[in-house]
Every structure is written in structure tokens, then in C-alpha cells.
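Have a look at the structure below, then the notes.
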Amino acid sequence: MYQWVSLISLWAIPITIAFVLLYGWRKQVPVYETFVDGAKGGLTTTIRILPHLIAMMVAVTMFRESGALELLLKMIRPALDFLHFPEELVPLALLRPLTGTGSLAIATDLIAQYGPDSFLGRLAATMQGSTDTTLYVLTVYFGAVGIRNSSYALKVGLWSDLAGVIFSLLIVTYVFS
Amino acid sequence: MLNIIWLALIVISIVVAAINGRMEVINQAAFEGAKTGVTVCFGLLSILAFWMGLMRIAEKSGLLELLARALSPIISLLFPDVPKGHPAIGYILSNMSANLLGLGNAATPMGLKAMEELQKLNANKQVASPAMCTLLAINTASITIIPTTMIAIRMQYGSVNPVEIVGTTLLSSFGATIVALLIDRWYRYRHSRRHR
Numbered sequence: 001m002y003q004w005v006s007l008i009s010l011w012a013i014p015i016t017i018a019f020v021l022l023y024g025w026r027k028q029v030p031v032y033e034t035f036v037d038g039a040k041g042g043l044t045t046t047i048r049i050l051p052h053l054i055a056m057m058v059a060v061t062m063f064r065e066s067g068a069l070e071l072l073l074k075m076i077r078p079a080l081d082f083l084h085f086p087e088e089l090v091p092l093a094l095l096r097p098l099t100g101t102g103s104l105a106i107a108t109d110l111i112a113q114y115g116p117d118s119f120l121g122r123l124a125a126t127m128q129g130s131t132d133t134t135l136y137v138l139t140v141y142f143g144a145v146g147i148r149n150s151s152y153a154l155k156v157g158l159w160s161d162l163a164g165v166i167f168s169l170l171i172v173t174y175v176f177s
Numbered sequence: 001m002l003n004i005i006w007l008a009l010i011v012i013s014i015v016v017a018a019i020n021g022r023m024e025v026i027n028q029a030a031f032e033g034a035k036t037g038v039t040v041c042f043g044l045l046s047i048l049a050f051w052m053g054l055m056r057i058a059e060k061s062g063l064l065e066l067l068a069r070a071l072s073p074i075i076s077l078l079f080p081d082v083p084k085g086h087p088a089i090g091y092i093l094s095n096m097s098a099n100l101l102g103l104g105n106a107a108t109p110m111g112l113k114a115m116e117e118l119q120k121l122n123a124n125k126q127v128a129s130p131a132m133c134t135l136l137a138i139n140t141a142s143i144t145i146i147p148t149t150m151i152a153i154r155m156q157y158g159s160v161n162p163v164e165i166v167g168t169t170l171l172s173s174f175g176a177t178i179v180a181l182l183i184d185r186w187y188r189y190r191h192s193r194r195h196r
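Here the protein sequences come in this chain order: S and B. Heads up: the first sequence begins at 1 in UniProt numbering, then just goes up one per residue. Heads up: the second sequence begins at 1 in UniProt numbering, then just goes up one per residue.
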């Protein structure tokens, strides 16, 4: 199973690249010029995203470093105890929608501290894998096309992150204990 | 919504830092955060340029259209307001499949192209359309078959069986996606009733 999965991870991208290029070549697309033309779009998109990303990163870093995150954790502790949610994983669950690299750092730290095959280690890995950086995705995706009013998208994203956290807890508890 | 969140994050941070007497942290965090923003963005640049280049070939050769036509029943169920055979469908599909394989970085350029196409269909260019919200919902919950990064980290810390979290991740992300789509449907329904 493991070998099969790692084989797919290894081959997925090279096969995609080769297939797209060969298919384009067969359809008489000038592959090099077309690639360069498309890649140019990547440059303009990056420049459009940059200000949005800077704004969001400043806010998130300030929130974490000022101790506001800690304070928030303290405030919601009674609710966590009530739900039997492991306290060690709260920073991960809270930071996940805000910062991908930040939550990855926390997940790695948890795995290092408690061991990859502990309950907390498995839960951290599953949680990190089944939720996403909602605020980042929203900033990047909507920033790139100039959307100012995100409508109800943020609410849906945050609810689905919460669903991912709850499902992770339930499924990891069920499977590994 | 984003306005309020952003403002709240910053104001609360400054107030908390003031109470804790840690104002110097705020100065540092602001510039540190801005720097991270730039670093992340330039990290994105290489990946974006590469995949967008490749995607342009797929688009020009008709590969995207082929993919879109094959899977259009699923898409027209999820995105009822995108016309059949519209280029957005191809990009949405490639975004979804890159997410499925846990290729987070490769998924972003496809998602951005999909957003651009959806923006062309959008009546009010400032406000996200329901289709854009659905695409975002799929991206944030995103079913993951292979959580590549997590497997790598588990290997690094000497796990006996690094891939044993594949099943739990698949199940819980599948559950989260179903929930996300249901909530999206509910908001979409409320939204369309209010704007009739």
C-alpha cells in the first residue's frame, strides 16, 4: 500500500507534464511559445496577489506574536473541556484557517513532541490534511480577480474547516483506539 | 466581512500587546509578517508561472475542453450557473484533481484560472458570485487522497507506518467536503431568495 502510494506521488506530476506536452505537440500547438505565453500570466497574477498577501500576513503575525492568540485559547478552554477536545491541538485547529505555514509548523511540532504514532500525532496529521487555509485561499483567489466583497464564502470556508476538525477527531478516535 | 476580520486582528493585537507591555513585539511582527507575505508570494511565482504555462498548452490543444465535456454532469450539478462547455469547467476540474492528489501548490494556478473565467460570467465584478463561493468551498474542504506533506513529516520523525493516516484523512476530508457543499447550498439558496 505504502509503495503504491509513494509511486503515485512520484509519478503524478511527471506523467501530467509529459502527457500535456505530447498531446499539445500532436495537435500542432507551438508548445514552447504557448508555455512562455501562459507563464507570463503567472507573473501578473503574483503581482496582483502580493498586496493582499502582505496585508493578511501582517495581521496574522501580529495576532500570534502579541499574545492575543494565547488569550483566545484561554477564553475558549471551558468549551473544549466540555467537548473532550485535546487541548494540545487547539492552536492547530485555530491557526489552520489563518496560516498554512504556521499550522504546518505547529503540526510538525506536535508530531515531534508526542511521536508520529501517538494519538495526538495521528490526529494532528489527519487534521492538517483534511482542512485548508481558508483565509489564505480566499485572499489569493478573490484578490487575483479583484473581488472586494467575498459574499458568504468566508462563512462556508470556516464552517467546513470546523467540520474537518470534528471529523478528524471522530475518525481518528474510532480508527486508532 | 474581510474588512472587519482584518481590522479586528490588528486592533486586538495592539491592545493585547499594550496590556502585556510587549509593544516592541508588534513592531517586529508587522514587518516580519510583511516579509513573510513577500516570501510566500515569490514562492508562488515559480509554481504559478510553470503551471500556467503548462495549462495554456492544455487549453490550446483542446485537452481542457475534452476533460470538461467528460465530467460536465458533475460540474453542472455543482455549478448550475456555469454554461455547458465554458472554459471555466476545465479549470475547475483540474483544480479539483490537483487537490485530490494533495498537490496543493499545483492546485492554486488552476483555481486562479477558474476564478478568472468565473469572473467573466460574474454580473457584479466587486462581489463574489455563488459559483465562486462554491469553488472556494470545494477548495477549503478539499478531499485529499494523498496528504503528501504529512506523510513526509511522519517519515522524518520515524513513524512505523507513515501512510496509515491516508485513510483517516480521506474519510474526514470527504466528510468536510460534503458538509461544505451542503452549507454552500444553503447560503446560495438564501442568497438567491434575497436577490430576486
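Cβ coordinates follow ideal geometry from the N, Cα and C atoms, glycine included. This one's a predicted model, so the numbers in the text were calculated from it and none came from an experiment.
Against chain S, with Cβ distances strictly below 8 Å, would residue i count as a contact?
i: L44(B); result: yes
i: R69(B); result: no
i: I75(B); result: no
i: H191(B); result: yes
i: K60(B); result: yes
i: R154(B); result: yes
i: E65(B); result: no
i: M55(B); result: yes
i: F50(B); result: yes
Could you tell me if residue i is buried or exposed, where buried requires 16 or more neighbouring beta carbons within 10 angstroms of its beta carbon?
i: G24(S); result: buried
i: G129(S); result: buried
i: L43(S); result: exposed
i: G38(S); result: buried
i: E33(S); result: exposed
i: residue 203(B); result: Not covered by the structure: residue 203(B). The range shown for chain B is 1 to 196.
i: T169(B); result: buried
i: Q156(B); result: exposed
i: S177(S); result: exposed
i: R194(B); result: exposed
i: W159(S); result: buried
i: R56(B); result: buried
i: M23(B); result: exposed
i: S103(S); result: buried
i: A98(B); result: buried
i: K84(B); result: exposed
i: V156(S); result: buried
i: S151(S); result: buried
i: I47(S); result: exposed
i: R154(B); result: buried
i: G167(B); result: exposed
Contact defined as beta carbons within less than 8 Å: I believe residue i pairs with residue j. What is the distance between those atoms, to the nearest angstrom?
i: V165(S); j: T131(S); result: 6 Å
i: A124(S); j: L89(S); result: 6 Å
i: T45(S); j: L48(B); result: 6 Å
i: W51(B); j: P87(B); result: With 8 Å as the limit, W51(B) and P87(B) do not qualify as a contact, their Cβ atoms being about 16 Å apart.
i: R188(B); j: P130(B); result: 5 Å
i: L118(B); j: L93(B); result: That pair is no contact at about 13 Å.
i: I171(S); j: A128(B); result: Not a contact, Cβ separation roughly 31 Å.
i: V60(S); j: G33(B); result: 7 Å
i: V137(S); j: T140(B); result: 6 Å
i: M62(S); j: A29(B); result: 4 Å
i: F79(B); j: T134(B); result: 6 Å
Between the C-alpha atoms of residue i and residue j, what's the straight-line distance to the nearest angstrom?
i: L22(S); j: Q28(S); result: 10 Å
i: V36(S); j: S118(S); result: 47 Å
i: R122(S); j: P116(S); result: 6 Å
i: L7(B); j: G90(B); result: 37 Å
i: S61(B); j: M115(B); result: 21 Å
i: V58(S); j: I143(B); result: 30 Å
i: K74(S); j: E87(S); result: 10 Å
i: R185(B); j: V40(B); result: 32 Å
i: F173(S); j: F167(S); result: Looking at the sequence provided, one finds Thr at residue 173(S) rather than Phe. Roughly 10 Å separates the two Cα atoms.
i: A63(B); j: A70(B); result: Residue identity check: residue 63(B) is Leu in the sequence provided, not Ala. Going from the Cα of L63(B) to the Cα of A70(B) covers about 11 Å.
i: I49(S); j: G111(B); result: 13 Å
i: A137(B); j: R96(S); result: 15 Å
i: G53(B); j: V20(S); result: 11 Å
i: F152(B); j: N149(S); result: Reading off the sequence, residue 152(B) comes out as Ala, not Phe. Their backbone Cα atoms lie some 38 Å apart in a straight line.
8 Å is my cut-off, CB to CB: does residue i come that close to chain B?
i: E88(S); result: no
i: R77(S); result: no
i: F119(S); result: no
i: S103(S); result: no
i: W11(S); result: no
i: D37(S); result: yes
i: S177(S); result: no
i: R96(S); result: no
i: D132(S); result: yes
i: P116(S); result: yes
i: D81(S); result: no
i: A18(S); result: no
i: I171(S); result: yes
The ligand ADP heavy atoms versus the CB of residue i: any closer than 7 Å?
i: L77(B); result: Annotation note on the ligand ADP: not contained in the displayed structure, which lists no ligands.
Would you check if the stretch 104-124 of chain B and the stretch 82-90 of chain S touch, i.e. whether three or more CB-CB distances between them fall below 8 Å? Too few Cβ pairs lie closer than 8 Å, so no.
Is it a yes or a no for the stretch 167-183 of chain B touching the stretch 152-167 of chain S, going by three-plus beta-carbon pairs under 8 Å? Inter-segment contact for the stretch 167-183 of chain B and the stretch 152-167 of chain S is present: three or more beta-carbon pairs are separated by less than 8 Å.
Three or more C-beta pairs closer than 8 Å, one from the stretch 12-31 of chain B and one from the stretch 57-75 of chain S: is that the case here? Verdict: yes, contact present.
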